[in-house]
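Report on the following structure.
Protein chains in written order, with my numbering: chain R, 1031 to 2077; chain P, 6 to 528.
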């Protein structure tokens, strides 16, 4: 890799032509000949430059062949190449401002901003990569109004959930469609895309904007365009980023009491019997005394621990290191452009032993063939490799269970240290996490190939035919292994031991997924008088195919040979295959009037293979209007204040077939199935099938999202203030619902069409540039999103839908006329005034019989603030994000209270206490309540008392906290090496050093001392947000440095 | 422009014809669909499913009725020792039983209008449906029955009274017997063949099972509800153990479910070591209450020095379970464990659906109570004891190790001073019932714990001491019991949380584990 790089660098030298610098003078004027003051003049690809004086005059040193870029607020940028002349004057045209910028919209159609009647946000490469996130989704966080990105877990390559404008589908897919170079790709591709390759990301917030992408577009779309190279520019860029990942947040635990428990009945004096074997933290208070830990070993020795707080649990997590090396090469001439890039990222995680690496190559380009044909191609190959433990969640859970006076880091050498070895490890219930990390491993490999070829044929001006073929394919394999461990007889059978041998096992899986997308469309433009017409008609064909094979074996015979042939008994084997197709025909017409009023309509009919023939065809239209008031009305046109005002609005209807998931594409979901492998079948030649537990309603149809949006884009003071405001409202009917039903039906899951959700909200973006001079550039701004997401109705049969629930029934639910989703669970029984009712005989409260709504799980308000300051060669940027107005259920709380590490368990010093805010029923006047000031709970300890009892731990509301947070998402500071320094090297055109951090600080609501509320215990693809647990590594912060050099 | 539209339109038409072909690719290549379901395919799996479910029911009952106690090395028994049940305790019993019932219901749906061709399958499914619903009523009292198992036709199901379900089940058993009897004389009837993994296709045995199940229903509930028909088919009652065995063996997922759960996995890892024998039941073997070295040695590891405990007693003095558990009597605990006597006989042993000994004890009680007018209670009682010895002395393949009949005789004579063994000493109907139920309690030890628990709640036998300070041989109530009852035991488990969250309107409210009763219970 490095060798190739240096060869490339060397070969580039031959193409670089050197010329002598000379002094250039010039004058900048507007089209009326008036001087343009403070215009900036920069030699392209360097930081060398100057600014014009009040008379528009400037002087600088440059050489023949340099490209000068001249820019000023309110004017279009002007670029030209220096020839022989040394003195000249340049005329800047009035900026068409942002409104004439062309962006890629649905279907790869390029449209001017002014024409578009729906909300969208464009994120440029440099904004995306400020924080040097390894993952594109991470780099987008907080940058787009209406887009909520949650890292649903930690780890070496975390998953991100991308939701635009709230959730629409009750149990189906709500994640935004990802489009890479006009090809619809699986979400995973985004996580494996080199962020440095991205030219621009356009976020189409609403379904209307995205309608041309077909039915999946009801969730909005994230359209990623990669770099293609530029005409006349040859450039090589290399960079290296080193990032450190550090665990940033730990659950708050009690620091008063240590290991042991006294829940073993009472001795002859009535005193509780104490056990030092107990791993719960219901032992003695921290007093500095050393006490035995665990059972004695076979040799008679015994582990011990001092009863004092030790933060060993926190030190268990390592500093992860990410090393990212990039190179790119761009080149272009009159007929073709070319972009080649490579990246190698090497990550070690915060979990000891976790490793991940990713290598990617990209080749993009364009080519004109004759006058009528042009070809665009893009291709990327990415491979990643994981070497991680499968048990991060259980290790985290185990450690939160372990008493805080025990320093876990001293158990690192489990192979050599007798107290760390599983045989001698003090805790009979939980493994030494160092052993766990070593013994439970997963190797995974993914190879992704994505590519797209587009041929455009333009026989006459205004008419074009475009054919496109895209492919996204993933090839995956994994091998998960568990090493054998045979305990000594002593360890296994000593009193109070529950250790049992661990048999070795292996599971091996492989799969591929291939998505093919073909587009064929014609585009026709016509201008007649004041009117312009732009018509597109075409068709799209899509095929998704996947295959999965997995085998496994247990009880491996030869130690260390992790092969399925090495097991005992019949190996496990499973196979599944999926194929789905979709085709659509669409038309798109845009009528413009005087370049300030645009009416735009689309219509598309889809046919999908995954529905029954009578339901497989569905049509959906959209219409939007864009009115550039600042061009239409003379008064605004000449306003000094308003530089741009566009009013827009649109209505759309989009159908979505929300069956299945990204792995099976919803194929074969129409018929209930029977399974041959229940209870060990087949037994020899005797086959047996069981009826599977999914009920399917007779006629599944697409779910339909209808909605409108209105908004305006307003720029003030020569675009020093840029604002976009959008209000939208959508309703989604005929939901395809996969929901749990009572097992008394004979089934557990029902798949049907029912219910309606609603999503309304406001998206505001505003940026202000108070200072823009040659040396200073200051921009501050941010975005605000208000979201009112709720369930309007479900069905009479289904009073509520569980989206993700724990065994107790607590979890995330969809409930009619409630926000979507809500957290439901158990609460304490309360009097009408809300006080907790206790039993006066023992001071204990009681739990409600059924679950109730405990809070809204979706953030109602999201705000982000960004700021950037440039001074000469220094650039500084910062991004804060806030989410508020919602609750989360921290399911780890119950586990921590069980183990006695929970902070709550020590607030009364483990003594009897009066349950706060409690009352008891007046024995003389049933139905009235007396405030409880003196009746204490009968046992304020744990292990057999209040804290570890169900009456505390099963009450969901104890662990429901505010989910509000502020995060310092990104900070970066960079310094461009001065041109004077670089010119000495002869071949380096630019060099930048930067320091950056991501997720540096988080400020949580006071009652949330558990974990990052962004996490979702329900996983990436589940709509049951609002739940956090122990399945994820603790939240991390990232900080690092980058050196990038351009040749 | 117009031309372009035309071209596209024609293209669309041409495409339209092949469009159907392009899209007709939704046939499932991975799983068989319900259209392929046939009674022959569903029945064997459903029966093995019942065996697996019974293993769960046995654990639940064995915990509550004094067969099992918490073992050393484990903590956090929570409601298992306090009896303050929540809706998540034992919730698998509910969902697993209804899941299993759905398979029997599918067979009924497939065969109800294909009689007599599928008469045997229909009858077997009907009998097993009654069997499983009885498990539910005995655990939960009121359960969805009439509206249950109807799929999307009834997404929330009304609860029926336990007594009403009982009378309907008895009728269903009658109708199943009638279906079999009609089939015996009809032609073109599909035999059960290998799909019958209990009786190998023997129709008469199915009638006997139906008769015996009906007898159990009537004995449980005759004082609380009335049955339309209290006569029994001439085929009589079970005289052999009804064992479910599809060919269990030491292999991935194919072991006897109880062996898999408690003894060894197929890779020879230890099963569940968190539980050990309870002193209360052990006292019926080790001489504390009765002396029974024959069955004691057949069942327990290192009898009579087997590790035992009292439920609820935790501490460092409680020994931990050996690999393979205290219920596996064999000494080979590493290379090829199995092929032994008792309860955990081996990975290839059949799983009892109904023990012959229970059949005899039911008949004995029926004679005492006048439900059966023929037969001799003492003979049936002694047959019950012998049948218990016979089951426990059998190796997985069915061959007997030792002489169960002789040892049973010895047992009866060695304990002839006890009216729990010597039926002649039991003079009153109450004493006779106590002897019968106590012997049934011993016979069902760790096999059908749920039925022993039912019988305790129905009769309060075996007798336990309810005075404070009763020792571990005198009561099986947990030392950590929070029950408010005199016997310090619970009365029932709660409905599972899934009913509270998904069938909220119908699920009975205010159920207490200490004050709510199964309808046939003695309060």
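Glycine residues also receive a C-beta, built at the ideal position from the N, C-alpha and C atoms. Since the model is a prediction, treat every value here as computed from it, not as a measurement.
### Query
Around the C-beta of residue 1261(R), are 16 or more other C-beta atoms found within 10 angstroms, so that it is buried, or is it exposed?
That one is exposed.
### Query
Just reading off the beta strand (DSSP E) that residue 141(P) is part of, what are its end residues?
Not the beta strand (DSSP E): residue 141(P) falls in the alpha helix (DSSP H), residues 124–145.
### Query
Residues in the region 1564–1595 of chain R with C-beta within 7 Å of chain B's C-beta atoms, listed in sequence order?
Protein chains R and P are contained in the structure displayed, whereas chain B is not.
### Query
Does the region 1689–1696 of chain R come close enough to the region 1709–1724 of chain R that 3 or more CB-CB pairs lie under 8 Å?
Taking 8 Å as the limit for Cβ pairs, the verdict is that the region 1689–1696 of chain R does not touch the region 1709–1724 of chain R.
### Task
Using a Cβ-Cβ cut-off of less than 8 Å, give me the residues of the region 1770–1786 of chain R that come near chain P, in sequence order.
So the close ones are 1770, 1771, 1772, 1773, 1774, 1775, 1776, 1777, 1778, 1780, 1782.
### Inter-residue Cα distance where the pair is residue 321(P) and residue 1523(R)
Distance between the alpha carbons of residue 321(P) and residue 1523(R) is about 13 Å.
#### Entry: For residue 1795(R) and residue 1737(R), the rounded distance between their alpha carbons
Answer to the nearest angstrom: the Cα atoms are 21 Å apart.
### Task
Check the Cβ-Cβ distances between residue 1034(R) and every residue of chain P, and say whether any is below 9 Å.
At residue 1034(R), the pLDDT of 44 sits below 50, so the modelled position is not reliable and the matter cannot be decided from this model.
### Task
Closer than 6 Å by C-beta to residue 1421(R): which residues in its own chain qualify, once you throw out the five before and the five after it? Chain order, please.
In chain order, 1466, 1470 place their CB closer than 6 Å to the CB of residue 1421(R), counting only its own chain and leaving out the 5 sequence neighbours on each side.
### Buried versus exposed call for residue 64(P) [16 or more other C-beta atoms within 10 Å across all chains shown]
Buried, since its Cβ has 16 or more Cβ neighbours within 10 Å.
### Task
Please check if any C-beta of chain R sits within less than 9 Å of the C-beta of residue 33(P).
Yes - at least one Cβ of chain R is within 9 Å of the one on residue 33(P).
### Task
Give the straight-line distance between the Cα atoms of residue 1546(R) and residue 1275(R), rounded to the nearest whole angstrom.
C-alpha of residue 1546(R) to C-alpha of residue 1275(R): approximately 37 Å in a straight line.
### Message
I'd like to know if residue 395(P) contacts chain R, where contact means its C-beta is closer than 9 Å to some C-beta of that chain.
### Response
Answer no: the Cβ-Cβ gap between residue 395(P) and chain R never drops below 9 Å.
### Query
If contact means a Cβ-Cβ distance below 8 Å, which residues of the region 492–522 of chain P contact chain R?
Result list: 502, 503, 504, 505, 506, 507, 508, 509, 510, 514, 515.
### Rounded C-alpha distance that separates residue 1921(R) from residue 1990(R)
Those two C-alpha atoms are separated by around 8 Å.
### Task
Select from 2006(R), 2038(R), 1160(R), 2014(R) the residue whose C-alpha is nearest the C-alpha of residue 1996(R).
Comparing Cα positions, the closest option is 2038(R).
### Query
Curious, which full-length alpha helix (DSSP H) runs of at least 4 residues does the region 437–484 of chain P contain?
Within the region 437–484 of chain P, the complete alpha helix (DSSP H) runs of at least 4 residues are 454–464.
### Message
Going by C-alpha to C-alpha distance, which of 1175(R), 1887(R), 1188(R), 1454(R) sits closest to residue 1918(R)?
### Response
The candidate whose alpha carbon is nearest that of residue 1918(R) is 1887(R).
### Task
Please list the partners that residue 1701(R) has in chain P, where partner means a Cβ-to-Cβ separation under 8 Å.
Contact note: residue 1701(R) reaches chain P through 33, 38, 39, 40, using a C-beta cutoff of 8 Å and chain order.
### Message
Can you find the residues in the same chain that come closer than 6 Å, C-beta to C-beta, to residue 446(P), ignoring five residues on each side of it along the sequence?
### Response
A distance below 6 Å between beta-carbons, with the five flanking residues on each side excluded, links residue 446(P) to the following residues of its chain, in chain order: 457, 467.
#### Entry: Nonlocal neighbours in the same chain, by C-beta distance under 6 Å from residue 1574(R), ignoring five residues either side
Here the set comprises 1545, 1610, 1695.
### Message
By the DSSP assignment, the beta strand (DSSP E) with residue 1098(R) in it spans what residues?
### Response
Start and end: 1097–1101.
### Task
Kindly identify the DSSP beta-bridge partner or partners of residue 1354(R).
Paired residues: 1271(R), 1375(R).
### Message
Just to make sure I have the definition right: I need the residues of chain P whose C-beta is within less than 9 Å of the C-beta of residue 1229(R). Which are they?
### Response
Close to residue 1229(R), with beta-carbon spacing below 9 Å, lies no residue of chain P; the smallest spacing is near 32 Å.
### Message
I want to see whether chain R comes within less than 9 Å of residue 272(P), judged by CB atoms only; does it?
### Response
At a cut-off of 9 Å, the C-beta of residue 272(P) has a neighbouring C-beta in chain R.
### Query
Residues of chain P with a CB under 7 Å from the CB of residue 1705(R): which are they?
Going along chain P in sequence order, the residues near residue 1705(R) (Cβ under 7 Å) are 36.
### Message
Taking 6 Å as the limit between beta carbons, can you name the residues of its chain near residue 407(P), skipping five residues before and five after?
### Response
Within the same chain, residue 407(P) has close Cβ partners 398.
### Query
Taking C-alpha atoms, which residue in 163(P), 44(P), 370(P), 76(P) lies nearest to residue 227(P)?
For the residues 163(P), 44(P), 370(P), 76(P), the minimum Cα distance to residue 227(P) belongs to 370(P).
### Task
Can you grab the Cα-Cα spacing for the pair residue 1259(R) / residue 1583(R), in whole Å?
Those two C-alpha atoms are separated by around 51 Å.
### Message
Looking at residue 162(P): is its Cβ nearer than 9 Å to the Cβ of residue 153(P)?
### Response
Between residue 162(P) and residue 153(P), the gap from beta carbon to beta carbon is short of 9 Å.
### Query
Can you find a C-beta in chain P that's less than 9 Å from the C-beta of residue 1425(R)?
Closer than 9 Å: no.
### Query
Since residue 79(P) meets chain R, which of its residues come closer than 8 Å, beta carbon to beta carbon?
Taking the beta carbon of residue 79(P) as reference, the chain R residues within 8 Å of it are 1459, 1528, listed in sequence order.
### Query
Taking residue 411(P) as the reference, which of 187(P), 423(P), 388(P) has the closest Cα?
Check the Cα spacing between residue 411(P) and each of 187(P), 423(P), 388(P): the tightest is with 388(P).
### Task
State yes or no: is the beta carbon of residue 162(P) nearer than 9 Å to at least one beta carbon in chain R?
Yes, contact with chain R.
### Query
Taking Cβ to Cβ, would you say residue 1211(R) is nearer than 9 Å to residue 1255(R)?
Cβ distance < 9 Å, so residue 1211(R) and residue 1255(R) count as in contact.
### Task
Mind checking who residue 1366(R) pairs with in its DSSP beta bridge?
Residue 1366(R) pairs with 1397(R).
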